[in-house]
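Residue numbers for the sequence shown follow this note's numbering, so the first one is 166 and each next one is one higher. We treat Cβ as the ideally placed atom computed from N, Cα and C, and that holds for glycine. These notes are about the structure you will find just below.
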Amino acid sequence: MFREDFVWGVASSAYQVEGREEGDGCGKNIWDTFTEEGRIQDGHNSYVTCDHMHRYKEDYALMRMLGIKAYRFSMSWARILPEGTGRVNEKAIALYRDMILEMKKNGVEPYITMYHWEFPQALQDKGGWLNEEVIDWFAEYAKVVAENFSDICENFITLNEPQCFVGLGHLSGVHAPGMKLPYKDVFQIAHNALRAHGKAVINLRKYACRPIKVGYAPTCGMAYPASNKPEDIEAARKTLFGFHQPMDNWTWNVAWFNDPVFLGKYPEEGLKKFAEYLPEITEEDMNLISQPLDFMGQNIYNGYMMKAGADGEPEFVDRYAGFPKTAANWPVTPECFYWGVRFIYERYKLPMFITENGMSCHDNVALDGKVHDPDRQNFLDLYISALQKAVDDGADVRGYFLWTFLDNFEWDKGYTERFGIVHVDFRTQKRIVKDSAYWYQKVIESNGANLSINQKPRQILFLDPVFKQMIWGGNQLETKFGYQIPGDKTGECWAVSAHPNGDCVVREGIYAGKTLSEMWKEYPELFGNSAYDRFPLLIKIIDAKDDLSIQVHPDDAYAGEHENGSFGKTECWYILDCPEDAALVVGHNAGSKEELADMIAQGKWSELIREVPVKKGDFIQINPGTVHAIKGGLMILETQQNSDITYRVYDYDRLTDGKPRQLHVQQSIDVITVPAPSADDSVKSALELPKNVMHELISCDYYTVWKLDLDGAISFEQTHPFLIMSVIEGEGLVNGQMIKKGDHFVIPSGMGQVDMQGEMVLMASTAK
Ligand code: NOJ
């Protein structure tokens, strides 16, 4: 669980949201130049963007309404120091002070990022990050920030994502200042940036009017293991902190930008790999870079999967076709929030903040005037749930800043990406709170209690059946239902079962691979927190090519006592198919237990048993103590208590592997009801029922069974502890998923509305 004082925040940056106006005194920065050069997608610019500099009051009020506790925002260096050093723009100081005070008035704690990429153009003209003087320039800026804001703000972050501004700005040139410099220069820039960070930490503390907290916000693609095997975990960890990136992408390295800051040294592997490009690195530099910090920020968006290859060396695992991704084409990999956070924390051991995380979606205003962004909500839920797990496993994470509050200027992509939880119409500046923001409000309110990790998501559980070979079985489970059966004596399909003799496995979705009995144990809320100690029902399809033995089942009391705590077996049958003149054995003709024992001993079967004629679509309830037998040629869907206890009275003297199957004569005599109730009215037809309604066939102490003939559409609220459904004819949809004859599924408690359509026949049941 998250700490009580967990900081639930949102993040943004100055250039992405502020905008500018004539006479605001703001100096030009490298992104203005980049924009003027026409380097932004679709010719966009950030001159107005969210107009936050004029609308911050309403934006902070919105944060208050949404319960947001903290705001990580950045200050524009060139707004404060228009020439980068020297003259301070008092209008900027006044603006930022008012912003901070306003934020605090709304209960939102400020976290200032000093540098989020908008380098002053005046200093760029003097060589920018490549000029070693940048260390002093940045230190001077830090002094101004500390002197002007430390009385009203306690938390400061020096650099945002040095990997990006060093690499994208100076190696690939996709970001401002759009340079493609030789490796040597880029390493110099990186080293200068780290030294500038160090000197800024010193000055922030030195010129602050009180003790403050200082951190740093690098980023990284996180490695995560393909499995929990120690060798895969090691492969992921090794790669995360290793040097696998090609040279033209080297700046995405994690250890190069983290180890010097948090551990006081560049990693050996990098020093070797990059030797020919490195500037002189002195002990003094390392002392400067590794100034003690109060916390470690990490911007985390996604990761990649690793495993140990055959030779034990790390191997990348390809993403499968159709891998989930965001609108920006970034993979959705919540695992990086568990493993990445753990790996980073275990290596650097500083209190940690997720300083950015979120996703870009193609959000539009819907016809109802709202902005529905379920993909973002799912994304955030999965990621923050994984974060909780990392916290539970020991990572000291103090806060989470969602990127971002308002849709804003996404750098070289202009306004083509929407990362906000609040929609902005850039023509009118109208803000609309997206669904994900309301959801995040609940996360904050409940300190994460509403996350799926704590509230198991409701999904329909599609199950893979278990098949049983029987001496009387056939192959119709294949020919009529299309199942892959193990042989042509397959008598039983255990379609919905959590019994140890055949535990069905969830086929797909987030619970894929779990058995039904595991689901029952681990997620009781999905089954309405039922009082049963095990999943109470078992659904089978029976294909009787030959006669089944004549048998009887015990009730709960007898089975509990004599069968190791098993449930008894009350069951009912729906006849899926049968020959013209079919019959079932139901009941017997003995008047007393003595007569019963006598007739069994003498094998007077034809005198003893009663047969009832049946036809397709008939339904019959078989209570414990009822002598019964399914005859050859019948296919049946059986709903029963979750029990595998059958007492065989007579097996037609058949042999399996040369031996007769075991009979249970004494137990049978014990449990058979004498005299048997009349079987006359026991069979009823369940054909020709009204369409598109759940038609109740039986309700007994253990279950209720319905039949649904669907021809069109039906919507209903799932109000039972769980609802089992089996498609026995046709095909259609349930909640948008295709289903067809032979599919079986459990609709969990709390699923809400279920929408079905198609032409199909279903059997449904729930436990009492
Ligand atoms: C990280 C950057 O810090 C931020 O400015 C950017 O908008 C987000 N990633 C999304 O790309």
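How many Å lie between residue i and residue j at the Cα?
i	j	result
arginine 262	glycine 292	31 Å
glutamate 861	asparagine 615	36 Å
aspartate 866	aspartate 846	20 Å
glutamine 786	aspartate 711	21 Å
serine 757	tyrosine 817	23 Å
phenylalanine 167	glycine 613	7 Å
serine 239	asparagine 900	44 Å
phenylalanine 199	alanine 243	15 Å
alanine 555	phenylalanine 481	23 Å
glycine 782	valine 892	14 Å
asparagine 414	lysine 345	12 Å
lysine 438	glutamate 448	20 Å
glycine 184	glycine 407	40 Å
histidine 362	isoleucine 377	16 Å
proline 913	phenylalanine 488	27 Å
proline 744	alanine 841	27 Å
leucine 443	tyrosine 466	29 Å
valine 934	phenylalanine 784	Because the chain here runs from 166 to 933, residue 934 falls outside it and cannot be looked at.
glutamine 410	glycine 435	11 Å
phenylalanine 314	proline 275	10 Å
asparagine 271	tyrosine 236	11 Å
asparagine 320	histidine 356	24 Å
serine 850	tyrosine 548	52 Å
If you follow the alpha helix (DSSP H) that residue i is in, where does it begin and where does it stop?
i	result
glutamate 223	217–230
methionine 387	Counting along the chain, methionine 387 falls outside any alpha helix (DSSP H), though it belongs to the beta strand (DSSP E) covering 384–390.
histidine 588	From DSSP, histidine 588 is part of no alpha helix (DSSP H) but of the beta strand (DSSP E) over 587–590.
glutamate 962	This structure cannot settle anything about residue 962, because the visible part of the chain is limited to 166 through 933.
isoleucine 367	348–372
valine 536	No alpha helix (DSSP H) holds valine 536; DSSP gives it neither H nor E.
proline 275	Note, proline 275: premise wrong, no alpha helix (DSSP H); beta strand (DSSP E) at 274–280.
glutamine 716	Counting along the chain, glutamine 716 falls outside any alpha helix (DSSP H), though it belongs to the beta strand (DSSP E) covering 715–717.
serine 601	600–611
tryptophan 576	Run containing tryptophan 576: none; DSSP gives neither H nor E here.
Taking the continuous beta strand (DSSP E) assigned at residue i, which residues delimit it?
i	result
phenylalanine 736	For the record, residue 736 in the displayed sequence is glutamate; it is not phenylalanine. 736–742 is the extent of the beta strand (DSSP E) around glutamate 736.
proline 411	Element bounds for proline 411: n/a, residue is neither H nor E.
phenylalanine 632	631–639
threonine 569	Neither: threonine 569 is in no beta strand (DSSP E) and is coded neither H nor E.
phenylalanine 427	Not the beta strand (DSSP E): phenylalanine 427 falls in the alpha helix (DSSP H), residues 420–428.
tyrosine 236	235–239
tyrosine 868	868–883
threonine 655	655–661
I believe residue i touches residue j by the beta-carbon criterion, under 8 Å. Please report the beta-carbon distance rounded to the nearest angstrom.
i	j	result
serine 525	threonine 498	With 8 Å as the limit, serine 525 and threonine 498 do not qualify as a contact, their Cβ atoms being about 15 Å apart.
glutamine 716	threonine 821	That pair is no contact at about 16 Å.
isoleucine 625	phenylalanine 910	5 Å
tyrosine 580	phenylalanine 566	That belief does not hold up - the Cβ atoms of tyrosine 580 and phenylalanine 566 are roughly 22 Å apart, past 8 Å.
phenylalanine 518	phenylalanine 460	6 Å
valine 661	isoleucine 322	That pair is no contact at about 54 Å.
alanine 844	serine 714	Wrong, their Cβ atoms sit about 19 Å apart, outside the cutoff.
serine 611	aspartate 546	In fact, because the Cβ distance is near 13 Å, the residues do not count as touching under 8 Å.
isoleucine 740	valine 779	6 Å
alanine 932	leucine 873	Contact doesn't hold; Cβ gap of about 18 Å is too wide.
arginine 775	valine 814	13 Å between Cβ atoms; not a contact.
leucine 927	arginine 596	At roughly 46 Å, the Cβ-Cβ gap does not stay under 8 Å, so leucine 927 and arginine 596 are not in contact.
arginine 583	aspartate 528	5 Å
glutamate 896	glutamine 918	About 21 Å separates the two Cβ atoms, so there is no contact after all.
Is the Cβ of residue i closer than 7 Å to any Cβ of chain B?
i	result
aspartate 920	The chain labelled as chain B is not found in the depicted structure, where only one protein chain is given.
Cβ of residue i versus every heavy atom of the ligand NAP: is any distance shorter than 6 Å?
i	result
glutamate 326	The model on display carries the ligand NOJ but not the ligand NAP.
Length at least 4, wholly inside the stretch 460–522: the alpha helix (DSSP H) runs in chain order:
506–513
With a floor of 4 residues, list each alpha helix (DSSP H) that falls wholly inside the stretch 295–341, ordered by position along the chain. 299–314, 327–335
Is there contact between the stretch 248–255 and the stretch 328–341, where contact requires at least three CB pairs shorter than 8 Å?
no
Runs of 4 residues minimum, wholly inside the stretch 771–855: which ones carry the alpha helix (DSSP H) assignment?
830–836
inquiry  = Quick test of the definition: if touching needs 3 or more C-beta pairs under 8 Å, does the stretch 184–199 touch the stretch 207–221?
reply    = yes
Practice prompt. Mind the definition here: the stretch 288–306 touches the stretch 258–276 only if three or more C-beta pairs lie below 8 Å; say whether that holds.
Written response: no
Counting pairs of beta carbons, one from the stretch 559–579 and one from the stretch 174–184, are three or more of them closer than 8 Å?
yes
* **Segment contact, 8 Å Cβ cut-off, at least three pairs: the stretch 673–684 with the stretch 729–736** => no
Quick test of the definition: if touching needs 3 or more C-beta pairs under 8 Å, does the stretch 440–455 touch the stretch 363–372? Yes, they touch.
Quiz item: How about the stretch 468–482 and the stretch 371–391: do they share at least three Cβ pairs that are nearer than 8 Å?
Solution: yes
Given 8 Å, three or more beta-carbon pairs between the stretch 646–662 and the stretch 692–711: yes
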